[in-house]
């Protein structure tokens, strides 16, 4: 038959790799923090 009984040995590769996602989120957070500190408010709050 074409099916396999027992444990699947490739089950570790089915997980999503989160390292690139974490790297992208950290870079976006750094870019946001830099632009938020450099940006001048266009509407005076006083």
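Numbering (my numbering), first residue to last: 15 to 60. Every residue gets a Cβ at the ideal spot worked out from N, C-alpha and C, and that includes glycine.
- residue 52 lies in the alpha helix (DSSP H); which residues open and close that run? 33–52
- Item | residue 42 versus residue 58 - alpha carbon distance | 27 angstroms
- Straight-line Cα distance separating residue 52 from residue 36: 24 angstroms
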